[in-house]
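S.K.: What follows is a structure written as structure tokens; I'll ask about it next.
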Amino acid sequence: MTTRLISPSSYLVRRLGTTLDASILQLCVTDKCALGSRRLFDAFNPPPQDTGLLGHVIEPYECGKGEGGWGERTPDELVQVVEMFYDNTAVVKGMGENDLGVTFAGCEGDPLYDERSRGVVREVVDGVKGRSRHGVPFYVRSSGLTLDPEDVRNGCLGELGVKRVEFFLFGGSPPSYKESCGALSSGEDGGRAFGRLCEVISSAAERGGLGIDVGIKRGDRMAGELARSLGATGVHEYPTMHSNISGETGC
9 MTTRLISPSS YLVRRLGTTL DASILQLCVT DKCALGSRRL FDAFNPPPQD
59 TGLLGHVIEP YECGKGEGGW GERTPDELVQ VVEMFYDNTA VVKGMGENDL
109 GVTFAGCEGD PLYDERSRGV VREVVDGVKG RSRHGVPFYV RSSGLTLDPE
159 DVRNGCLGEL GVKRVEFFLF GGSPPSYKES CGALSSGEDG GRAFGRLCEV
209 ISSAAERGGL GIDVGIKRGD RMAGELARSL GATGVHEYPT MHSNISGETG
259 C
């Protein structure tokens, strides 16, 4: 059995303001996430066909499943994906300083889920930059729910080597957050996780060293204001975000 490692092209999101953000290549490092609903996580990671920003398509990179099944992604495999993509995609070659970069994101899981997945991110960034592609920008999108605020204050995000990290804020208050995501896969109440996530975001912003963005549901003014008060340097609205879908499980 083979499993798909990447989704070419990627995300079109509307920044609160006048600019558009997009990333060319998505890398998946795990199939695990803290959310009880995969649809909820996927809503913040729309597939390429839902964006249409970049029209090119490349063949998916395939590999045999590892000992851990879908979730096993070796850094060397992912470095090869990036190399293949940059070597064979004409639209990337002409970008130069305008290169939109590579995003670690979850078409299945959360790239910051645990130390193993975070280690893969670090090694991939180091591996790509060690092959004379120093200018490739890397980004991460994550629920932030498995991070320890103390670790964030101590610089664990800076060790990843990425340019920006985006966290998903599914609501602007404990009740609205809980309504959106329900119970986590660990069984923890979503409302309780809300406070810890806010601490993670504020700790990351205070630590500095990389950009901290927050993704919210379209039109969620309270969440947007909260994100800014926590120190987010960018707030993104996601029009594909579903509401009240906490009944589905997956991750």
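Residue numbering for the sequence shown follows the working numbering, starting at 9 and increasing by one per position. All residues carry an ideal CB built from backbone N, CA and C; glycine is no exception.
1) Do C41 and Y121 count as a contact pair if the criterion is CB distance below 8 Å?
2) State the Cα-Cα distance for the pair E158 and V90, rounded to the nearest angstrom.
3) Would you say the segment 209-223 touches the segment 161-177, given that touching needs at least three Cβ pairs under 8 Å?
4) How is E245 classed by DSSP in three states: helix, strand or coil?
5) Are the beta-carbon atoms of A231 and L153 separated by less than 8 Å?
6) How about R215 and V129: are their beta carbons less than 8 Å apart?
7) Starting from R149, trace the beta strand (DSSP E) both ways and give me its first and last residue.
8) Are there 16 or more other CB atoms within 10 angstroms of the CB of D197, so buried, or fewer, so exposed?
9) Let's see if you can read the secondary structure: which residues bound the alpha helix (DSSP H) around L205?
10) Which first and last residues belong to the alpha helix (DSSP H) in which R172 is found?
11) Among residues of its own chain, excluding the 5 on either side of G163, which ones have a beta-carbon nearer than 7 Å to its beta-carbon?
12) I'd like to know whether the C-beta atoms of L43 and V110 end up nearer to each other than 8 Å.
13) Write down the C-beta distance between T241 and P119 rounded to the nearest angstrom, noting that I regard them as a contact closer than 8 Å.
14) Buried or exposed, going by whether 16 or more other CB atoms sit within 10 Å of the CB of D58?
15) In the DSSP assignment, what residue or residues form a beta bridge with F112?
16) Distance, Cα to Cα, L155 vs E123?
17) When we look at the beta-carbon of S181 and count the other beta-carbons within 10 Å, is it buried (16 or more) or exposed?
18) Buried or exposed, going by whether 16 or more other CB atoms sit within 10 Å of the CB of H142?
19) Return the CA-CA distance between P247 and S237, expressed in angstroms with no decimal places.
20) Using DSSP's beta-bridge definition, name the partner residues of V222.
21) Measure the alpha-carbon distance for S140 versus V133 and round it to whole angstroms.
M.R.: The answer reads as follows:
1) yes
2) Those two C-alpha atoms are separated by around 32 Å.
3) Segments in contact, yes.
4) strand
5) No.
6) Going by C-beta atoms, R215 is not nearer than 8 Å to V129.
7) For R149, the enclosing beta strand (DSSP E) covers residues F146 to S150.
8) Around the beta-carbon of D197, fewer than 16 other beta-carbon atoms lie within 10 Å, marking it exposed.
9) G198 to R215
10) Taken as a continuous stretch (DSSP letters only), R172 belongs to no alpha helix (DSSP H), being part of the beta strand (DSSP E) at R172 to F176.
11) R215
12) Not in contact: L43 and V110 (Cβ atoms no closer than 8 Å).
13) No, T241 and P119 are not in contact; Cβ-Cβ is about 20 Å, not under 8 Å.
14) Residue placement at D58 is poorly supported in this model, since its pLDDT is 37, which falls under 50; the coordinates still yield a value, given next. D58 is exposed by the Cβ-count criterion.
15) L35 and V148
16) In this model, L155 and E123 are separated by some 10 Å (Cα to Cα).
17) exposed
18) exposed
19) 22 Å
20) Partner(s): F175 and V243.
21) 12 Å
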